[in-house]
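Here's the structure, in structure tokens; my notes come after.
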Amino acid sequence: MSEPQDRIENKSRRSFVGAAAVAGASAGVAALAPGLKLIEVAGAAPRAPGEPASSAVRWGMLIDTTKCASGCDACVKACATENGINETVKDPRQGSQWIRKIDLKDPKTGQEYSLPMLCQHCEHPPCVDVCPTGASMKRADGIVLVDRHICIGCRYCMMACPYKARSLVHMPLTEQNPLVPRGQGCVEACTFCVQRVDRGQQPACVEACPEKAMLFGNLNDPNSEIAQRVAKEKTTQVRADLKLNLGVRYQGI
Amino acid sequence: MAIMKQTLAALAAVLLLAPVLASAGTPKPDLKIENPGSCIAPVPEMRRNHMEMLKHTRDRTLRQGIRGEKASLNGCINCHASKTTGSVLGQGGFCQECHTYAAVKLDCWDCHQPKAGNHEAVGVKP
Ligand code: SF4
Ligand code: SF4
Chain A
7 MSEPQDRIEN
17 KSRRSFVGAA
27 AVAGASAGVA
37 ALAPGLKLIE
47 VAGAAPRAPG
57 EPASSAVRWG
67 MLIDTTKCAS
77 GCDACVKACA
87 TENGINETVK
97 DPRQGSQWIR
107 KIDLKDPKTG
117 QEYSLPMLCQ
127 HCEHPPCVDV
137 CPTGASMKRA
147 DGIVLVDRHI
157 CIGCRYCMMA
167 CPYKARSLVH
177 MPLTEQNPLV
187 PRGQGCVEAC
197 TFCVQRVDRG
207 QQPACVEACP
217 EKAMLFGNLN
227 DPNSEIAQRV
237 AKEKTTQVRA
247 DLKLNLGVRY
257 QGI
Chain B
2 MAIMKQTLAA
12 LAAVLLLAPV
22 LASAGTPKPD
32 LKIENPGSCI
42 APVPEMRRNH
52 MEMLKHTRDR
62 TLRQGIRGEK
72 ASLNGCINCH
82 ASKTTGSVLG
92 QGGFCQECHT
102 YAAVKLDCWD
112 CHQPKAGNHE
122 AVGVKP
């Protein structure tokens, strides 16, 4: 299947913008005081109040499945704590899953993997394509969110997502985290802990992983650890054939 | 005839009293401001425009990622959550009192946390 025309155009535009940004960044590094790199300003530091998310940043995650232990769910628990996912559901199929652990086995070789699966923060997100209200949206820095103010709970996005990353809240909630509003009748998914990332922190799952199997950072910043590792090491996008250019990459699968 | 007179008198009483009753109307909301004096705008402006302020803020915050806006629901809570119930909802709750009086549906707090006590639960390792 050939790529849709707009996507190809988009890509070349993007690589041009990317190159321009890199050129700008090196100029910026020279201009800044010694020891203070522009990357730190654009990357991990908290964004100043009033400053919007920037398309110079593309948040991404690298998950090393060779380090991820089967049976460990520290990331899932940390996600639930941080995002206030604490409701008791009548039917377990109704529970929200922003991140879940999956155990896989290659039937031919017997090799086993364990990995966390979450919203892949697609560059071309099908959930955004199908949403009839515009509630599903991608922020400038690549984080895909649901604008619950206008989500009507139709669940088209849940059907469209190839990664089963989204959940619908089925019941009234009362114990939300003040920084993570969520409620009945809206679809939700992993936000990369947007409330933490905007303060310059790591997502809760990344911070909680005892094996340091998850790495979070700015894929557009050539000096970030994640950009350097994806440039040098072999990484895989799940269902790369869909050409969604995922923000989450895996190793060892 | 006597019955007729009585009925007429009763009717007249109702008609005469009606305007008085109407002006008494529903009692005005009894608002208690727990931390007065630090509102982001004068009271008349807040009364008329708080919904617009919050609506613009919500779009900028969610869609553009702009943090630290002047108007925020968490900001409302800081001053307006009741010290007794911890909430802006419920009997005597700052938001609920007025919205019930004005018969305007209030659904911000279906998703946003309406209690002040939960405000510190931020981050696994803050
Ligand atoms: S993984 Fe699913 S929910 Fe996340 S951006 Fe892609 S299509 Fe949307
Ligand atoms: S459930 Fe909400 S976010 Fe998903 S497609 Fe429908 S309106 Fe859009």
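In the order they appear, the protein sequences are chains A and B. Residue numbering for the first sequence follows this note's numbering, beginning at 7 and increasing consecutively. Residue numbering for the second sequence follows this note's numbering, beginning at 2 and increasing consecutively. Backbone N, C-alpha and C define an ideal beta-carbon position, used for all residues, glycine too. Quick caveat: nothing in here was measured; it's all calculated off a predicted structure.
Quiz item: chain A beta carbons: is any one of them nearer than 8 Å to that of B:P113?
Solution: For this step, residue 113 of chain B is matched to residue 112 along the second sequence. Sequence inspection shows His at residue 113 of chain B; the Pro mentioned does not correspond to that position. Under the Cβ distance rule, B:H113 counts among the residues neighbouring chain A, one pair being separated by less than 8 Å.
Quiz item: Thinking just about the alpha-carbon of each residue, which of B:D111, B:V44, B:E70 is nearest to the one in B:I34?
Solution: Numbered from 1 along the second sequence, position 33 holds the residue referred to as residue 34 of chain B. Among B:D111, B:V44, B:E70, the Cα nearest to that of B:I34 is on B:V44.
Quiz prompt | Same chain, Cβ closer than 6 Å to A:I1, five either side skipped, listed in chain order | solution = What the structure shows of chain A is the stretch from 7 to 259, and residue 1 of chain A is not part of that stretch, so it cannot be assessed.
Quiz prompt | Contact test: A:Q182 Cβ vs ligand 1 heavy atom, cutoff 7 Å | solution = For this step, residue 182 of chain A is matched to residue 176 along the first sequence. Ligand 1 has no heavy atom closer than 7 Å to the beta-carbon of A:Q182.
Quiz item: For B:E98, does the count of other Cβ atoms within 10 angstroms reach 16, so buried, or fall short, so exposed?
Solution: Walking along the second sequence from the start, residue 98 of chain B turns up at place 97. That one is buried.
Quiz item: CB-CB under 7 Å to A:K107, same chain, minus the five flanking residues each way: which ones, in chain order?
Solution: For the purposes of this step, residue 107 of chain A is identified with residue 101 of the first sequence, where counting begins at 1. Cβ-Cβ distances below 7 Å link A:K107 to D79, V82, S120, P122 in the same chain, with the five nearest sequence neighbours on each side left out; the list follows chain order.
Self-check item: Short CB-CB distance (under 8 Å) between B:N36 and chain A
Solution: The residue labelled residue 36 of chain B in the question sits at position 35 within the second sequence. With 8 Å as the cut-off, B:N36 does not count as an interface residue toward chain A.
Exercise. On the DSSP bridge assignment, give the partners of A:E129 in chain order.
Key: Here residue 129 of chain A refers to the residue found at position 123 when the first sequence is read from its first residue. In the DSSP output, where bridge partners are listed per residue, A:E129 has none listed.
Self-check item: Range covered by the alpha helix (DSSP H) that runs through B:M47
Solution: By one-based count along the second sequence, residue 47 of chain B stands at place 46. Its alpha helix (DSSP H) spans residues 44-60.
Quiz item: Listed from N- to C-terminal order along the chain, which residues in the segment 169-189 of chain A have their beta-carbon within a distance smaller than 8 Å of any beta-carbon of chain B?
Solution: Hits within the stretch, in order: P178, L179, E181, Q182, N183, P184, L185, P187, R188, G189.
Self-check item: Residue burial classification, A:A59 (beta-carbon count within 10 angstroms, cutoff 16)
Solution: Position 53 of the first sequence, counted from the first residue, corresponds to residue 59 of chain A. Classification for A:A59: buried.
Quiz item: Regarding A:Y256 and ligand 1, is the C-beta to nearest heavy atom distance less than 7 Å?
Solution: The sequence position of residue 256 of chain A within the first sequence is 250, counting from 1. It does not: the Cβ of A:Y256 is nowhere closer than 7 Å to a heavy atom of ligand 1.
Quiz item: Taking the DSSP output, what are the residues bridged to A:T242?
Solution: Against the first sequence, residue 242 of chain A aligns to sequence position 236. Residue pairing for A:T242: DSSP places it in a beta bridge opposite A:Y256.
Practice problem: Whole angstroms is fine: what's the gap from A:K240's alpha carbon to B:T101's? | Solution: Residue numbering aside, residue 240 of chain A sits at position 234 when the first sequence is read from its first letter. Residue numbering aside, residue 101 of chain B sits at position 100 when the second sequence is read from its first letter. In a straight line, the C-alpha of A:K240 is about 60 Å away from that of B:T101.
Quiz item: Closer than 7 Å, Cβ to any Cβ of chain A: which residues of the segment 54-67 of chain B, in chain order?
Solution: Of all residues in the segment 54-67 of chain B, only R59, L63, R64, Q65, G66, I67 place a beta-carbon less than 7 Å from a beta-carbon of chain A.
Exercise. Say yes only if the C-beta of B:Y102 is nearer than 7 Å to one or more non-hydrogen atoms of ligand 1, and no if none qualify.
Key: Locating residue 102 of chain B in the second sequence gives position 101, where the first residue counts as 1. Result no, Cβ not under 7 Å from ligand 1.
Self-check item: 8 Å Cβ cutoff, A:P58 in contact with chain B
Solution: By one-based count along the first sequence, residue 58 of chain A stands at place 52. By this cut-off, A:P58 is an interface position.
Quiz item: Taking 7 Å as the cut-off, does the CB of A:P138 come closer than this to any heavy atom belonging to ligand 2?
Solution: On the first sequence, residue 138 of chain A is found 132 positions in, with the first residue counted as 1. Result yes, Cβ under 7 Å from ligand 2.
Self-check item: Minimum Cβ-Cβ distance from B:I41 to chain C less than 8 Å
Solution: Looking for chain C here will not work: the only protein chains present are A and B.
Quiz item: For A:V254, which residues of its own chain have a beta-carbon under 6 Å away from its beta-carbon, when the five flanking residues on both sides are left out?
Solution: Counting from one through the first sequence, the residue named residue 254 of chain A turns up at place 248. If we look at A:V254 and ignore the five residues flanking it on each side, its Cβ neighbours are M67, Q126.
Quiz item: Under a Cβ-count criterion, where at least 16 other Cβ atoms within 10 Å of its own Cβ denotes burial, should A:E231 be classed as buried or exposed?
Solution: Within the first sequence, residue 231 of chain A is the residue found at index 225, counting from 1. The residue in question, A:E231, is exposed, as its Cβ has fewer than 16 Cβ neighbours within 10 Å.
Quiz prompt | CA nearest to the CA of A:Q207, picked from A:K73, A:S76, A:L252, A:G223 | solution = As a first step, residue 207 of chain A is located in the first sequence; it is residue number 201 there, counting from the start. Selected option, being the one with the closest Cα: A:G223.
Quiz item: By the 10 Å Cβ neighbour count, where 16 or more other Cβ atoms means buried, how is A:E88 classified, buried or exposed?
Solution: Here residue 88 of chain A refers to the residue found at position 82 when the first sequence is read from its first residue. Burial call: buried.
Quiz item: For A:P187, does the count of other Cβ atoms within 10 angstroms reach 16, so buried, or fall short, so exposed?
Solution: Here residue 187 of chain A refers to the residue found at position 181 of the first sequence. It is buried - the Cβ of A:P187 has at least 16 other Cβ atoms within 10 Å.
Self-check item: Local Cβ density within 10 Å of A:R99, reported as buried at 16 or more and exposed below that
Solution: For the purposes of this step, residue 99 of chain A is taken as residue 93 along the first sequence, with counting starting at 1. So A:R99 counts as exposed.
Quiz item: Of the choices A:T72, A:Y256, A:F198, whose alpha-carbon is the least far from that of A:W4?
Solution: Limits of chain A in this structure are 7 at one end and 259 at the other, which puts residue 4 of chain A out of reach.
Quiz item: For A:K83, which three-state DSSP category applies?
Solution: Here residue 83 of chain A is taken as the residue at index 77 of the first sequence, counted from 1. A:K83 sits in a helix when the DSSP states are folded into three classes.
Quiz item: Of all Cβ atoms in chain A, is any one closer than 8 Å to the Cβ of B:N50?
Solution: Looking up residue 50 of chain B in the second sequence gives position 49. Not one chain A Cβ lies under 8 Å of B:N50.
Practice problem: Measure the C-alpha to C-alpha separation of A:V134 and A:M143 and round it to an integer number of angstroms. | Solution: Sequence index remark: in the first sequence, residue 134 of chain A carries index 128 (1-based). Sequence index remark: in the first sequence, residue 143 of chain A carries index 137 (1-based). Distance between the alpha carbons of A:V134 and A:M143: 6 Å.
Practice problem: Please determine if the segment 144-162 of chain A and the segment 36-51 of chain B are in contact, where contact requires at least 3 C-beta pairs separated by less than 8 Å. | Solution: Contact fails: fewer than three Cβ-Cβ distances are below 8 Å.
Quiz item: Where A:A62 and A:L221 are concerned, what is the direct C-alpha to C-alpha distance, given to the nearest angstrom?
Solution: The residue you call residue 62 of chain A lines up with position 56 of the first sequence. The residue you call residue 221 of chain A lines up with position 215 of the first sequence. Here the alpha carbons of A:L221 and A:A62 stand approximately 19 Å from one another.
Quiz item: Are any of the Cβ atoms in chain A nearer than 8 Å to that of B:N75?
Solution: Numbered from its first residue, the second sequence carries residue 75 of chain B at position 74. For B:N75, the closest Cβ of chain A is nearer than 8 Å.
Quiz item: Nearest chain A C-beta to B:G69 closer than 8 Å, yes or no?
Solution: By 1-based counting over the second sequence, the position of residue 69 of chain B is 68. Closer than 8 Å to some Cβ of chain A, the Cβ of B:G69 qualifies, so yes.
Exercise. May I ask you to list the residues that DSSP assigns as paired with A:P122?
Key: Sequence index remark: in the first sequence, residue 122 of chain A carries index 116 (1-based). In DSSP, A:P122 forms a bridge with A:K107.
Exercise. Indicate whether at least one CB of chain B lies closer than 8 Å to the CB of A:D204.
Key: Stepping through the first sequence from its first residue, residue 204 of chain A is reached at position 198. True, the Cβ-Cβ gap to chain B drops below 8 Å.
Self-check item: Proximity of B:E53 and B:T62 at Cβ, strictly below 8 Å
Solution: The residue you call residue 53 of chain B lines up with position 52 of the second sequence. The residue you call residue 62 of chain B lines up with position 61 of the second sequence. Cβ atoms of B:E53 and B:T62: not closer than 8 Å.
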